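Each residue of the sequence shown is one higher than the one before, starting from 7 at the first, in the working numbering. By construction, the Cβ of each residue, glycine as well, lies at the ideal position given by its N, Cα and C atoms. Nothing here was measured: the structure is a model prediction, and the numbers come from that model.
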Amino acid sequence: MIQRIQTVYLLIVTVALITAMCLPMGYFVDATGAMGECAFKALGLDVNGAFHSTWGLFGILMLSTIVALATIFLYKNRMLQIRMSIFNSLLLVGFYIAFAAFYFALKNDVNSFRIGWALCLPLISIILNILAIRAIGRDEVMVKAADRLR
7 MIQRIQTVYL
17 LIVTVALITA
27 MCLPMGYFVD
37 ATGAMGECAF
47 KALGLDVNGA
57 FHSTWGLFGI
67 LMLSTIVALA
77 TIFLYKNRML
87 QIRMSIFNSL
97 LLVGFYIAFA
107 AFYFALKNDV
117 NSFRIGWALC
127 LPLISIILNI
137 LAIRAIGRDE
147 VMVKAADRLR
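Here it is, written out as structure tokens:
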């Protein structure tokens, strides 16, 4: 199981998504200086003592992490593994849509937004999911070819 390249891809996806859950995805910076710099994390945004919850982002990342980890252990059923990886990629696209919705809901005319590097981790996870899908598909073709030779 570990010797297959798609397992390595899916492990990296899991680590990247856990990292994205823990680190700030960006910072709201106040132009007037009253608010300062507020970290926008997956769980929420704390602005002057008022906490704005963004638990939906955390939930999508957590679900996507669980799906990626569970997909690793489905190595005997390759077609299900491909379907789960596609579902995981769609979840991560939904994460970016939800992030845009929270961004526009929390942004106002006074503050600006500075992107953090953790925001690119779900995109890297989408790319690694695509690579895992290709590797699983190649593996499936090789197994079918070996069965024909018998």
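Beta-carbon proximity of residue i to residue j, cut-off 8 Å
i: Phe108; j: Leu63; result: yes
i: Leu16; j: Ile78; result: yes
i: Met90; j: Leu98; result: no
i: Gly50; j: Ser59; result: yes
Neighbourhood of residue i by C-beta distance below 6 Å, restricted to the same chain and skipping five residues each side
i: Lys47; result: Pro30
i: Gln12; result: Ala138, Ala141, Ile142
i: Ala74; result: Leu16, Val19, Thr20, Asn94
Residue(s) in a DSSP beta bridge with residue i
i: Cys44; result: Phe34
i: Gly50; result: Ser59
DSSP three-state assignment for residue i, whether helix, strand or coil
i: Asn117; result: strand
i: Gly55; result: coil
i: Phe79; result: coil
i: Leu29; result: coil
i: Arg140; result: helix
i: Gly122; result: coil
i: Arg10; result: coil
Any non-hydrogen atom of the ligand PLP closer than 7 Å to residue i Cβ
i: Leu86; result: As far as ligands go, the structure on display features none, and thus does not contain the ligand PLP.
Chain-order list of residues whose beta-carbon lies under 7 Å from that of residue i (same chain, five-residue window excluded)
i: Gly32; result: Phe46, Phe119, Arg120, Ile121, Gly122, Leu125
i: Asp52; result: Cys44
i: Gly42; result: Asp36
i: Ala104; result: Gly62, Leu63, Ile66
i: Gly100; result: Ile66
Residue of the options minimising C-alpha distance to residue i
i: Leu23; options: Gln87, Ser95, Val116; result: Ser95
i: Leu67; options: Asp36, Ile132, Asp145; result: Ile132
i: Ala56; options: Leu127, Asn135, Leu112; result: Leu112
i: Met27; options: Arg10, Trp61, Asp36; result: Trp61
i: Tyr102; options: Leu127, Lys82, Asp145, Arg144; result: Leu127
i: Asn135; options: Ser70, Phe34, Asn114; result: Ser70
i: Thr25; options: Asn54, Asn114, Leu129; result: Leu129
Close beta carbons around residue i, own chain, < 8 Å, minus the five adjacent residues each side
i: Ala37; result: Val116, Asn117, Ser118
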